[in-house]
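Engineer: My questions all concern the structure below.
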Amino acid sequence: MKSDLTTVGILGSDFPGVKPALNVREGDSVSAGDVLFHDKRDSQICAFAPVSGQVLQIHRGAGRTLTSIAIAQEELVEQGIPYANHAVPEDRDALTSVLLISGLWTRLRQRPFGTVPLTSIRPRKLFVAALESGPGAADPIPLVQTEMAAFKLGLAAFCLLPTQETVLCLRKPLPLLAMKKGLLRQIAFPSKHPNGLPGTHIHLLSSPTPDNPVLAVDARTVIELGQLLCGVTATADRTVNVSGEGLSRPGIYTAAPGASIGKLLEQAGGGIDLPNIRVIAGSVLDGRQIGLNNAFLGVFEHQLQVLNETPLRGSRGLRGLPVFDRTGVLGRIGLRDIFARTGSHMNGAIASMVPAESMERVWPHRVPVIPLLRALVTEDDDTALNLGALAFVEEDMSLVTWACPGKYDYGQALRAFLDRIQLDMA
Amino acid sequence: MTDSLPLQLSSLKRTPGAPHCRNSLSVNGIVLLYIAASLPCLMLGIWQAGSRWAGVDASVTDVLAAGLLLVGPRLIVLLGLGFGLSKLYEKIRNRRTDLGWLAVSWFFFLLLPPAIDFIPMMLALTFGLVFVLFVFGGQGMAPFHPALGAVIFVNVAFGDTGQSIEVAPDTFVVSSWYSALNSRVSEGVDFGILSLQTGNPGAMSPALVMLGGLLLMLMGVASHRMLFGGIAGAAVASLLLTSLPGSHEALGVWSGHLLVGNFLFVLVFLGSDPACQPLTRPARWFAGFAFGSLTILLRVLDPAHPESSFMALLLVSLCSPVVDAAVVRIAVWRRSKRHHG
Numbered sequence: 001m002k003s004d005l006t007t008v009g010i011l012g013s014d015f016p017g018v019k020p021a022l023n024v025r026e027g028d029s030v031s032a033g034d035v036l037f038h039d040k041r042d043s044q045i046c047a048f049a050p051v052s053g054q055v056l057q058i059h060r061g062a063g064r065t066l067t068s069i070a071i072a073q074e075e076l077v078e079q080g081i082p083y084a085n086h087a088v089p090e091d092r093d094a095l096t097s098v099l100l101i102s103g104l105w106t107r108l109r110q111r112p113f114g115t116v117p118l119t120s121i122r123p124r125k126l127f128v129a130a131l132e133s134g135p136g137a138a139d140p141i142p143l144v145q146t147e148m149a150a151f152k153l154g155l156a157a158f159c160l161l162p163t164q165e166t167v168l169c170l171r172k173p174l175p176l177l178a179m180k181k182g183l184l185r186q187i188a189f190p191s192k193h194p195n196g197l198p199g200t201h202i203h204l205l206s207s208p209t210p211d212n213p214v215l216a217v218d219a220r221t222v223i224e225l226g227q228l229l230c231g232v233t234a235t236a237d238r239t240v241n242v243s244g245e246g247l248s249r250p251g252i253y254t255a256a257p258g259a260s261i262g263k264l265l266e267q268a269g270g271g272i273d274l275p276n277i278r279v280i281a282g283s284v285l286d287g288r289q290i291g292l293n294n295a296f297l298g299v300f301e302h303q304l305q306v307l308n309e310t311p312l313r314g315s316r317g318l319r320g321l322p323v324f325d326r327t328g329v330l331g332r333i334g335l336r337d338i339f340a341r342t343g344s345h346m347n348g349a350i351a352s353m354v355p356a357e358s359m360e361r362v363w364p365h366r367v368p369v370i371p372l373l374r375a376l377v378t379e380d381d382d383t384a385l386n387l388g389a390l391a392f393v394e395e396d397m398s399l400v401t402w403a404c405p406g407k408y409d410y411g412q413a414l415r416a417f418l419d420r421i422q423l424d425m426a
Numbered sequence: 001m002t003d004s005l006p007l008q009l010s011s012l013k014r015t016p017g018a019p020h021c022r023n024s025l026s027v028n029g030i031v032l033l034y035i036a037a038s039l040p041c042l043m044l045g046i047w048q049a050g051s052r053w054a055g056v057d058a059s060v061t062d063v064l065a066a067g068l069l070l071v072g073p074r075l076i077v078l079l080g081l082g083f084g085l086s087k088l089y090e091k092i093r094n095r096r097t098d099l100g101w102l103a104v105s106w107f108f109f110l111l112l113p114p115a116i117d118f119i120p121m122m123l124a125l126t127f128g129l130v131f132v133l134f135v136f137g138g139q140g141m142a143p144f145h146p147a148l149g150a151v152i153f154v155n156v157a158f159g160d161t162g163q164s165i166e167v168a169p170d171t172f173v174v175s176s177w178y179s180a181l182n183s184r185v186s187e188g189v190d191f192g193i194l195s196l197q198t199g200n201p202g203a204m205s206p207a208l209v210m211l212g213g214l215l216l217m218l219m220g221v222a223s224h225r226m227l228f229g230g231i232a233g234a235a236v237a238s239l240l241l242t243s244l245p246g247s248h249e250a251l252g253v254w255s256g257h258l259l260v261g262n263f264l265f266v267l268v269f270l271g272s273d274p275a276c277q278p279l280t281r282p283a284r285w286f287a288g289f290a291f292g293s294l295t296i297l298l299r300v301l302d303p304a305h306p307e308s309s310f311m312a313l314l315l316v317s318l319c320s321p322v323v324d325a326a327v328v329r330i331a332v333w334r335r336s337k338r339h340h341g
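Protein sequence lines correspond, in order, to chains A and B. Using the working numbering, the letters of the first sequence map in sequence onto residues 1 to 426. Using the working numbering, the letters of the second sequence map in sequence onto residues 1 to 341.
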């Protein structure tokens, strides 16, 4: 199903680390490809208008951070990446300029810190994630196989970026005959979550530091670069899995990044402002909670989930009985679901950090998880650094946060740690 | 981090952001699961205490009433004292606590002889809660299980009180589990998994304790590394002792050592408690194995410590942070070797 969506938005959260200097004001008319804002750190990094239209609203959040820019689309045209027909880049600088003017540079993520990298970056390695493992996530391999020519071209171009090698992480190695040896390595990962997260690949295969960063990119961006270099008009449309509570027509819909989530939910028989629901863009583990100001599809978001919101008052009832751990044997055969509450319930009070086995069962890395988490919450930055915490961002901590009986938020603790390290460098 | 949490955050019901749902396991849930798993042991303890007191010919109601009369007041006093102390702690520190006090009072009670005096019992619980749990910051921060601290306090401060079992009118005194095993063996009775033993209310039936341990393990709460490590350590130590050329015949079958005394109870309910166990998996194997073997070694070789499992767990709990630190060092060394040559 193709969505008929007329308001399109750019999300500030799709540009982590970018300090936007706006080039437009509310009421301005923009054409597809116009610069909406550039980065104060590096003016070559820009965000482009995905469609032609009028800037409706510019939403800002806490500390005047950019939440979103909403654009009223003038006419329904097939959306696409505005700049097509580039020559295949021969060197790193040419590739950088192609990525910058096509807007694909902002799809790259740097580790440590998980931010959009500066153009001066010299990454040792580039990690291409061609697998997904999160709950409800779609496997990108069918898309890669359909667009194999573009994928190969994009991958060959991306190999110019790192100083050492490009690592392609996927479930089963692909036959990529044309690739030069030594530049590209394929590593197979099992399908269990969190093996699809770039943090898992990066922590296993490298040790990024602020002086020696690495980059991560997803398979779709590689395909889009390949299509751009082939001269094929790249479509920005992707499939979006819309599911959850209170939807009369849940299913797979097609929409482009920036599409209005309210309209997508209406198509699926739900709504964004219904009472007692929580709409999440992305997976329930690391997705973004949708409010009225950020109700646009992000560039990496392929699913919308609707959860029951837990009422703030009222008794817990019989469903508050203790408890079968989902990571235990009895929990795994489904006994847990008899007793557990669904939706956004904390399932317990915030308490001390208890080193339960449940957190270790969801941890894929060799470094011991409890000492790392303790180091993060007690601000023991030396131990956290030594155990490789710089390879992670919040999404890598979501499973241990989910499993923690003390209900700690390790994503928050990790971000505080990363902020301290970043401050130290400045 | 917990210290700085305002009170209203402690009762947060909704997830504040990603991840938007949480596991059903909570710290209070873990405490309640441990208590539920040890309930059959308490039932049997009540029954045994009642049948000793009321005599062999008593009816079922008489036995139950006698057992409840003997056990009930002590349990109620301990739970009340634990609750009061934790409320006092909440008031002084201005923060919410969890059900840690409940686990401590409960398991301390299960490790006491059913007819112990009230004053030593209350003093010991106060010691355990205040000096082992609260001064370190509450549940999850104690250096060893606070119930263990309380039991050792009884043993050290009040001598035999913690070790002898005196149930009126039939008085039965065990000075050592080693001697109990000896007397059983000399009577020609082999210790089986289904046999009942006298002692503290919790540790009367090895079968019920094992059932509780199995349940906790399957639910994903108790660490199987601690449990299997402990059983392996005890088995190795007792096999070694019984196979030594000069060993006394009365040591009996090696497997008897695993079932006699409160070794299994301490291993399952105190040793594998997630709040007090080592932080890393290798350290859990080490702690389990060391606890099992030390219990048997101390029991046989040191008659001064008849209830050797308490002392063994104390030693192991105090040593395991060193093993944890070593495991972290090795992990850091391996990581730097892998990535920096």
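Every residue, glycine too, gets a C-beta built ideally from N, C-alpha and C.
For Pro113/B and Ala65/B, I'd like the C-alpha separation in whole angstroms.
Structural biologist: 18 Å
Engineer: Is Leu205/A near the ligand MN, with its Cβ less than 7 Å from a heavy atom?
Structural biologist: Among the ligands in the structure shown, none appear at all, so the ligand MN cannot be discussed.
Engineer: Ignore the nearest five residues each way along the sequence and tell me which others in Val217/A's own chain have a CB closer than 8 Å to its CB.
Structural biologist: Close CB contacts of Val217/A within its chain, under the 8 Å cut and outside five residues either way in sequence, are with Arg107, Leu108, Arg109, Leu126, Phe127, Val128, Ala129, Phe158 (chain order).
Engineer: Here's the rule I'm using: 16 or more other beta-carbon atoms within 10 Å means buried, otherwise exposed. How should Asn94/B be labelled?
Structural biologist: exposed
Engineer: Which partner residues of Asn308/A appear in the DSSP bridge assignment?
Structural biologist: Ile277/A
Engineer: Cutting at 6 Å between CB atoms, please list the residues of its own chain near Phe108/B, excluding the five before and the five after it.
Structural biologist: Leu125, Ala147, Ala150
Engineer: Would you say His339/B faces chain A, with C-beta separation under 8 Å as the test?
Structural biologist: yes
Engineer: Using a Cβ-Cβ cutoff of 7 Å, what residues of the segment 54-67 of chain A are near chain B? List them in chain order.
Structural biologist: none
Engineer: Can you look up Ser315/A in the DSSP assignment and give me helix, strand or coil?
Structural biologist: With a pLDDT of only 48 at Ser315/A, under the threshold of 50, the placement of this residue in the model should not be trusted, and no figure is reported.
Engineer: Among Val135/B, Leu110/B, Leu79/B, which has the Cα closest to the Cα of Glu90/B?
Structural biologist: Val135/B
Engineer: Within a Cβ cutoff of 7 Å, which residues of the same chain sit near Val24/A, ignoring the five residues on either side of it in sequence?
Structural biologist: Val30, Leu36, Val55
Engineer: Is any beta-carbon of chain B found at less than 8 Å from that of Ala49/A?
Structural biologist: no
Engineer: Jot down the residue ranges of each uninterrupted beta strand (DSSP E) in the segment 41-115 of chain A, minimum 3 residues, whole runs only, in chain order.
Structural biologist: If only uninterrupted beta strand (DSSP E) runs of at least 3 residues are considered, those enclosed by the segment 41-115 of chain A are 46-48, 53-60, 66-73, 109-111.
Engineer: Measuring straight from C-alpha to C-alpha, what distance separates Asn200/B and Gly411/A?
Structural biologist: 45 Å
Engineer: Note down the Cα distance separating Arg288/A from Glu395/A, rounded to an integer number of angstroms.
Structural biologist: 11 Å
Engineer: On the DSSP bridge assignment, give the partners of Leu215/A in chain order.
Structural biologist: Gln110/A, Leu126/A
Engineer: Please report the residue range of the beta strand (DSSP E) in which Asn241/A lies.
Structural biologist: 238-244
Engineer: Is Ser243/A close to chain B, meaning its C-beta is less than 8 Å from at least one C-beta of that chain?
Structural biologist: no
Engineer: If I follow the unbroken alpha helix (DSSP H) through Thr126/B, where does it start and stop?
Structural biologist: 118-127
Engineer: Please report the residue range of the beta strand (DSSP E) in which Gln186/A lies.
Structural biologist: 184-188
Engineer: Below 8 Å on C-beta distance, what does Asn28/B contact in chain A?
Structural biologist: Neighbours of Asn28/B in chain A, taken as residues whose beta carbon is under 8 Å from its own, are Pro322, Gly348, Ala349, Ala351 in chain order.
Engineer: Are the segment 61-72 of chain A and the segment 4-13 of chain A touching, with three or more C-beta to C-beta distances below 8 Å?
Structural biologist: yes
Engineer: Just by C-beta distance, which residues in the segment 108-126 of chain B are closer than 8 Å to chain A?
Structural biologist: none
Engineer: Report the rounded CA-to-CA distance for Ala58/B versus Val71/B, giving the unit in angstroms.
Structural biologist: 18 Å
Engineer: Are the Cβ atoms of Ile46/B and Leu68/B separated by less than 8 Å?
Structural biologist: Yes, they are a contact pair.
Engineer: Exposed or buried, Lys172/A, counting other C-beta atoms within 10 Å across all chains shown (16 or more means buried)?
Structural biologist: Exposed, since its Cβ has fewer than 16 Cβ neighbours within 10 Å.
Engineer: Taking its Cβ as the centre, do 16 or more other Cβ atoms sit within 10 Å of Lys192/A, making it buried, or is it exposed?
Structural biologist: Exposed, since its Cβ has fewer than 16 Cβ neighbours within 10 Å.
Engineer: Whose C-beta lies closer than 7 Å to the C-beta of Gly317/A among residues of the same chain, with five residues either side of it excluded?
Structural biologist: Summary for Gly317/A: the model assigns pLDDT 46, below 50, so the residue's position carries little reliability, and this model does not support an answer.
Engineer: CA-CA distance, Asp211/A and Arg122/A?
Structural biologist: 9 Å
Engineer: Measuring straight from C-alpha to C-alpha, what distance separates Asp273/A and Trp105/A?
Structural biologist: 34 Å
Engineer: Check the Cβ of Pro213/A against every Cβ in chain B and list those closer than 8 Å, keeping chain order.
Structural biologist: Residues of chain B passing the Cβ test: none, with the nearest at roughly 14 Å.
Engineer: So, does the CB of Gly291/A fall closer than 8 Å to a CB anywhere in chain B?
Structural biologist: no
Engineer: Is the Cβ of His345/A closer than 8 Å to any Cβ of chain B?
Structural biologist: yes
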